[in-house]
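To keep things clear, I will list the structure first and then write my remarks on it.
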Amino acid sequence: MKKTTERTFTCGLDAAIAVMGGKWKGLILFALQDGPLRFGELRRAVPGISERVLILQLRDMETTGLLHREVYHQVPPKVEYSLTEFGHTLNTAMAPLGEWGEENIERIEAIPWDQVG
């Protein structure tokens, strides 16, 4: 049996960011907000993500309890991904951040990103 590693967080934001991870998980959460999607549908819904990175992110999100992977035993095999209740609560928490991004998108796009750390 694989030993699990526990983490201690300094605050709630630290814990939330640990679950969220970089940019892809938020975009995957957003894509799944209206219901289950198959792998190919998710890949199209998240432009720019490679197949390998999507697979890794989906595994992480299943491990952290953000999404559920449903395997339908049929020919050809069918797998759907959907948000768990935990995933829905994170999407709800992220909604204000997304709104802030929309409200400030022009200013954010004008940032000289090549000069940022």
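Numbering follows UniProt numbering, with no gaps: position 102 of the sequence shown is 102.
The beta-carbon is built from N, C-alpha and C at its ideal position, and this holds for glycine as well.
Secondary structure of residue i, DSSP reduced to three states
i           : result
Val116      : coil
residue 127 : Because the chain spans 1 through 117 in this model, residue 127 falls outside it and cannot be assessed.
Glu80       : strand
Leu13       : helix
Leu37       : strand
Arg107      : helix
Glu70       : strand
Glu102      : helix
Ile49       : coil
Thr64       : coil
Glu6        : coil
Leu32       : coil
Neighbourhood of residue i by C-beta distance below 6 Å, restricted to the same chain and skipping five residues each side
i     : result
Leu83 : Leu32, Leu67
Neighbourhood of residue i by C-beta distance below 8 Å, restricted to the same chain and skipping five residues each side
i      : result
Leu56  : none
Gly101 : Ile108
Thr63  : none
Gly65  : Thr84, Phe86, Gly87
Glu70  : Pro36, Val79, Glu80, Tyr81, Ser82
Contact under 7 Å by Cβ, residue i with residue j
i     : j     : result
Asn91 : Leu29 : yes
Leu54 : Arg43 : yes
Tyr81 : Leu37 : yes
Beta-carbon separation (whole angstroms), residue i vs residue j, contact threshold 8 Å
i     : j     : result
Ala16 : Arg7  : Between Arg7 and Ala16 the Cβ distance is about 13 Å, and since that is not below 8 Å, they are no contact.
Val79 : Phe39 : 6 Å
Asp60 : Gly21 : 7 Å
Buried versus exposed call for residue i [16 or more other C-beta atoms within 10 Å across all chains shown]
i     : result
Gly98 : exposed
Val46 : buried
Cβ shell of residue i (< 7 Å), same chain only, five flanking positions each side left out
i     : result
Asp14 : none
Phe9  : Ala15, Ala18
Below-7 Å beta-carbon distance, residue i vs any chain C residue
i     : result
His88 : Chain labels in this structure do not include chain C; a single protein chain is all it has.
Residue i: CB within 6 Å of a non-hydrogen atom of the ligand ZN
i     : result
Arg44 : The ligand ZN is not part of the structure shown, which contains no ligands of any sort.
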